[in-house]
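Everything on this sheet refers to the single structure shown next.
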Amino acid sequence: MSEKTSARAAGSILTASFGAASPPTAWRFDLEKNHSFTLALAEQKEGWELKVLLAQGEPVSIARFIARGDAEEALGQVSAALNKGIGRDSDLPPLLQNFGLLGLAACVLMLFGLFAFFVIHTSGTSSPIQAPVKTSMAPLKPGMPVSADDVLQPPKP
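Next up, the structure:
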């Protein structure tokens, strides 16, 4: 990594310093206000230009570079800072950055504990098995017609 270009995303703010740009440029971009955008390199007569393409307007020039390699490095640095900063505030301690994963693990453990508690406390309270009810009706034979009244009659004591 060169010291000519640096970029960092902190919270919803992206900051970048382009020392290799002509002229050297510092850039600040609010990610909260600009949800949808694209970074692009465009070849110009005098070199290369790093642009941000906003969803609602024209491309905005960020910095101009004489050498293509410097422009590509700047784009890579800004892209890496965006990828590193997306979804987390890099100023937070690591425990708070990973709270989403820890919270999910805590919920899974809690559900497992509730399931185990339910199984343990309901295992002794099951209802007794009932014996089959005998009827006074003659046993049914496959293929033999039986009247509905005979089938639906309650068993005789």
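For the sequence shown, my numbering assigns the number 1 to the initial residue and increments by one for each residue that follows.
Glycine included, each C-beta is placed from N, C-alpha and C at the ideal position.
Next item on the list: Have a look at the DSSP bridge pairing and note the partners of I13.
Entry: Looking at the DSSP assignment, I13 forms a beta bridge with A10 and D30.
Item checked: Alpha-carbon to alpha-carbon, A80 and D89 -> Caution applies to D89, whose pLDDT of 49 falls short of 50 and renders its modelled position unreliable; the value that the coordinates give is listed next. Straight-line measurement puts the Cα of A80 at about 15 Å from the Cα of D89.
Note to self: Within a Cβ cutoff of 6 Å, which residues of the same chain sit near A7, ignoring the five residues on either side of it in sequence?
What the structure shows: Closer than 6 Å at the Cβ level, and outside the excluded window around A7, lie A16, Q77, V78 and A81.
Next item on the list: Taking all protein chains shown into account, decide if T5 is buried (16 or more other Cβ within 10 angstroms of its Cβ) or exposed.
Entry: By the 16-neighbour rule on beta-carbons within 10 angstroms, T5 is buried.
Notebook entry, point to check: Touch check for the segment 52-65 and the segment 22-34: three-plus C-beta pairs under 8 Å?
Noted result: Three or more Cβ pairs drawn from the segment 52-65 and the segment 22-34 lie within less than 8 Å of each other, which places the two stretches in contact.
Margin query: Between S12, G103 and K51, which has its C-alpha nearest E32's C-alpha?
Written below: Answer by Cα proximity: S12.
Checklist line | Opposing strand residues paired with T122 [DSSP bridges] | finding: DSSP output for T122 lists no bridge partner at all.
Note to self: Report the CB separation of L53 from T38 in whole angstroms; it is logged as a contact under 8 Å.
What the structure shows: A Cβ-Cβ distance of about 4 Å is found for the pair L53 and T38, placing them in contact under the 8 Å criterion.
Checklist line | Inter-residue spacing [alpha-carbon to alpha-carbon] between F29 and A20 | finding: One C-alpha to the other measures close to 19 Å.
Note to self: Quick check: is the beta carbon of P145 nearer than 9 Å to any beta carbon in chain D?
What the structure shows: No chain D appears in this structure, which consists of one protein chain only.
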